[in-house]
Amino acid sequence: MALVVSLALLLPTSVKPAKESTAHTNTVWPTGYVTCPQNATGLIMAMMTQNATVQADTDRHVEYTSSTHAPAASTEEIEIQEVNRTITNVTFGGHGSKVVRFSGVSNAAVSPSNEVFVADTFNRRVQVFNMEGVYLRKFPTVVSVEGSETMNPYDMSIDGKGHLWVIGETDSLELILVRYTKTGRHIITIHPPSLFTTFNDIAVDTLRNHVIVIAENAQGARVSREVMVLLYNGTVVRKFETRQGWPNFITVDRNGRYLVTDVYKTRDLVYVYSETGQYQFSFGSEGRISTPMGICVYSSGKFVLVADGYDVSLEMFTDSGEHVRRVVPGVMFTGIAVAPGGQLVLVNEIHDTVTILSRY
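Letter by letter, the sequence shown follows residues -17 to -1, 1 to 343 in mature numbering (1 follows the signal peptide of the UniProt record, and there is no 0).
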């Protein structure tokens, strides 16, 4: 039986996808990749982009590592191109409403079984792919077990059971948090009180079975931004205000620490809090990042990846905030997720594409 829970919580101002544009003919597609020589910081995979007109029957770009091709299974509404068994990088998507097309792709998450879930915002659905970019299935982002109402999904995360947590907005402008099975069956809807305005970001602590959201609370002239930690049934474990000006993205590491980015700070851009919400330290003032567009912890737990929207790059730091290297330079993306095997999933909201990097 699906559950509906009301909370006494609060919510933040998120960077949501812009309203859907009806004039979309040309798209900048990643059409090639360059492997840089091995150096002291490791192997860096750089992607080059060029302008190209997206044809109606083109849904994916694949880099092959040999001339041996294996045909992929066809799916509804599209014909999947042949996919090499040894793919290193693949990009798919483009604007539209058919499968393997997106309208305001906002973020992605990777399950423990290596399935890529993509939030297709204005199509009000989630599309699912494997790590080679092959389409598997889709489901609507319903807000109740009846399935009569859907929401625009803005962000998502996956728990240890492979269940998907999605934050989004309904037609009535209600901001809610919904949990689905991996096949899209509705499990629970959490309704925040009206004083909450917007969810900024969501993360799941799979070791402690906690859901963490950044929320903004407007009470009169005072606006506070908080991190809220919830149990899977919606019970509030704790909440605390952040010390930075505009918290926008959050992740949690294996020690239960919360790493929060600030999009408007001129100094430190990543703030680290303990499991109980105590401020510990911050980093980013050394000029390695300018405008953080996303943050996640690498699969080993030892490294933190921060997407820099201004410099169009992905930067790697240690869990103590020391810069390691620039992982992916010169690639435009607005969201990032890491697979259990270390592959990177990059979301480009501007061009409605998703790129999976198996080697970088």
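Built from N, CA and C at the ideal position, the CB exists for glycine as well.
In this structure, L242 lies away from V196, with their beta-carbon atoms at least 8 Å apart. Runs of the beta strand (DSSP E) lying entirely within the stretch 87 to 118, each at least 3 residues long, are 88 to 93, 99 to 103 and 108 to 112 in chain order.
DSSP, read as helix, strand or coil, puts K165 in coil. Looking at the DSSP output, E298 bridges to V289 and R309. Between the stretch 80 to 99 and the stretch 127 to 134, the count of Cβ pairs shorter than 8 Å is below three; the stretches do not touch.
With contact defined as three or more Cβ pairs closer than 8 Å, the stretch 206 to 224 and the stretch 255 to 269 are in contact.
In the DSSP secondary-structure assignment, W229 is not bridged to any residue. Excluding its 5 nearest sequence neighbours in each direction, S80 has C-beta neighbours in its own chain below 8 Å: S86 and N106, listed in chain order. Per the coordinates, the alpha-carbon of R208 lies some 18 Å from the alpha-carbon of R240. Beta-bridge pairing by DSSP links A204 to no other residue.
Minimum Cα-Cα distance from V328 among the listed residues Y118, V82, G277 and A91 corresponds to A91. I339 sits close to V99, with the two beta carbons spaced by under 8 Å. With respect to the 8 Å criterion, V101 and S140 are not classified as neighbours on the basis of their beta carbons. Rounded to the nearest angstrom, the Cβ distance from V280 to T218 is 25 Å, too far for a contact under 8 Å. Sequence-distant partners of P95 (beyond 5 residues in either direction) whose C-beta falls short of 8 Å from its own C-beta, in its chain, are I141, G143, G145 and P323.
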